[in-house]
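A quick write-up on the structure given underneath.
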DNA sequence: CACCGTACCGTACGCTGTACCGAGTTGCAA
DNA sequence: TTGCAACTCGGTACAGCGTACGGTACGGTG
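Chains as they are written, first to last, in my numbering: chain A, 1 to 282; chain B, 1001 to 1282.
This is the structure:
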């Protein structure tokens, strides 16, 4: 799983190579046999596999099989699996980038970003689980970020506030998107939606005490938690409604801030950076 | 990795066993040798391991080593690794449950829930990555849910709205918490924070175009994205500020809804469930 | 032409989760 | 008391993972 991490991941060549791959500026060698594949095609295959069978099905061997090559051949194009996943994620950001629009006011633009994220999570449920804590720093990710920042530029917010609003919206969507995999189901979890619940409800019924969980059981009686087991799209609709509802609240909250700043309430004094900290790009 | 999933995961005994484990109602056998371990101690060891070295270090063999037993002995207590992780997660919910308070109005209670979640994500960064899309249905998870629902009960929201507000707050926190691992760092990603950036910034500088990313580069020049590489707690503070900022917005958004409902704007007509759908508990 | 950097990939290693089975231990029934 | 069934423990084994290593075939450059 992580063999000799010290040399593999630690050798500072890999990070550079990874960035070059993302930005498509790798040095293309002239000598030797023609390359039969391309990074593009490898990412294609990996994404298709992840869409069809979930992220767990994405193994180097299966990708190679799909491309009709040996597993080790992939390593001539990509330093390792982690870098390949980064490429997959930046490709997903590419779909976001293609979908967002900057028309309308800041609210419309933020909505557009949120819905574009959501659409990608729906099309590619694996993205939620594949995404690590760190940014990819790929061209598409940065472009999406730029576009979102532009949406909230010039409406009276401070720089840190702008960045925080972007994190707020993107964080909200990714948080709620966790539930998407349940709705689309089956791709990731191999048991169909129905059995999962019925298996558990037997024990749950024995243990769920209406006195211990009064509000929960009242809402359950109202049917709030009901879902049609066999019709996955009903569930998908339900979670979509929840998403839209929450998005409205989030944007209302931002609107309140924008209104306050417009009314002349100055932004809080920005905390000075501690001292000569190395510069970071976004 | 997933050997014979059909028999192992599909045999309907496992889901039942898993629920019994969570709720502590397993049938305790009388015959045979005394048990040298307990589910409790196994979860203890697993959580300790995850806290120290990240979720990837949590393997059956390492847990067993820490407990001084053979790897296979764990399987007398727990059906498999997936169920063990569920137990770890419900334990984390237990810490949330212990931290939340129901004092004050709905807003204070929701804040309390959000901060309790956040504190757990800080103490146990592995939770973000270990949590799957489905609910655990353990006692602590349900109790936390109940407490949060109670916070928004009786303030004029419909049942679905109450549920959506809970999802909104919890989803927001988990979404932003994704960035925590970067702040606490090093537990999960073995490279220290500094090198990760410096390695990449070399390529990024070559590729980052101020004309293509005008707003990003302006904010970068302002130092918005700067961080002290060596002092991890500065970064942690920065993300904490972002978290608090977003939480404020989210709650402002909920407040707007509560005010609207109080002003007499009726909730939207609840969509009727399609037809005789099996009942779900929360 | 020879050379050598490169693409491809068979083999192998260390790791994973866990099935299988034997050996030893205990409580209850006969 | 004896014997058996139920149980715990754990060694061994297996399929699958990421990927290091080294061999072979190829093709542009000296």
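Each residue gets a CB set at the ideal place from its N, CA and C atoms; glycine is no exception.
Taking all protein chains in view, the Cβ of residue 242 of chain A is crowded by 16 or more other Cβ atoms within 10 Å, so the residue is classified as buried. By a beta-carbon distance limit of 8 angstroms, residue 164 of chain A does not contact residue 117 of chain A. Their separation comes to about 17 angstroms. The alpha helix (DSSP H) runs of length 4 or more contained entirely in the stretch 1100-1142 of chain B are, from start to end of the chain, 1106-1123, 1126-1130. The beta carbon of residue 162 of chain A falls within 8 angstroms of a beta carbon belonging to chain B, placing the residue at that interface. Ranked by Cα distance from residue 1150 of chain B, the first of A:238, A:213, A:258 is A:213. Less than 8 angstroms separates the beta-carbon of residue 1160 of chain B from that of residue 224 of chain A.
DSSP places residue 1212 of chain B in no alpha helix (DSSP H); its state is neither H nor E. Counting of Cβ neighbours within 10 angstroms places residue 139 of chain A among the buried residues, the total reaching 16 or more. Annotation for residue 1049 of chain B: the continuous alpha helix (DSSP H) segment containing it runs 1039-1053.
Interface with chain A (8 angstroms Cβ-Cβ cutoff): residue 1216 of chain B is included. At a C-beta separation below 9 angstroms, residue 25 of chain A has these neighbours in chain B: 1203, 1206, 1207. For residue 149 of chain A, at least one C-beta of chain B is nearer than 8 angstroms to its own C-beta. Here DSSP, grouped into helix, strand and coil, assigns residue 1081 of chain B to helix.
Closer than 8 angstroms to the CB of residue 1249 of chain B there is at least one CB belonging to chain A.
When only Cα atoms are considered, residue 1248 of chain B and residue 1143 of chain B end up about 25 angstroms apart. Taking 8 angstroms as the CB threshold, residue 178 of chain A lines the interface with chain B. In chain order, 1162 place their CB closer than 8 angstroms to the CB of residue 1153 of chain B, counting only its own chain and leaving out the 5 sequence neighbours on each side. Not one beta carbon of chain B lies nearer than 8 angstroms to the beta carbon of residue 127 of chain A. Fewer than three Cβ pairs drawn from the stretch 1198-1218 of chain B and the stretch 31-38 of chain A lie within less than 8 angstroms of each other, which leaves the two stretches out of contact. Taking the CA atoms as reference points, residue 239 of chain A sits about 37 angstroms from residue 265 of chain A. In the structure shown, residue 177 of chain A falls within a helical segment according to DSSP collapsed to helix, strand and coil.
Counting along the chain, residue 1063 of chain B sits inside the alpha helix (DSSP H) bounded by residues 1060-1067. Spatial neighbours of residue 1166 of chain B in its own chain (CB-CB distance under 8 angstroms, excluding positions within 5 residues in sequence) are listed in chain order as 1145, 1148, 1149, 1152. Excluding the 5 residues flanking it on each side, residue 260 of chain A has no same chain C-beta neighbour closer than 6 angstroms.
Residue 157 of chain A carries a coil assignment under DSSP once its states are collapsed to helix, strand and coil.
Annotated three-state conformation of residue 258 of chain A is helix, per DSSP. Inter-residue distance for residue 199 of chain A and residue 1074 of chain B is about 24 angstroms (C-alpha atoms, whole angstroms). Taking a Cβ-Cβ cut-off of 8 angstroms, residue 1089 of chain B has no neighbours in chain A, whose nearest Cβ is about 13 angstroms from it.
Using beta-carbon distances, residue 1049 of chain B does not count as an interface residue toward chain A, since no partner is under 8 angstroms.
One Cα belongs to residue 1255 of chain B, the other to residue 1107 of chain B, and the distance between them is close to 8 angstroms.
Residue 1224 of chain B belongs to the set of residues whose beta carbon lies under 8 angstroms from a beta carbon in chain A.
Around the beta carbon of residue 70 of chain A, fewer than 16 other beta carbons sit within 10 angstroms, so the residue counts as exposed.
Interface residue (Cβ-Cβ distance to chain B less than 8 angstroms): residue 32 of chain A is not classified as such. The C-beta of residue 199 of chain A comes closer than 8 angstroms to at least one C-beta of chain B.
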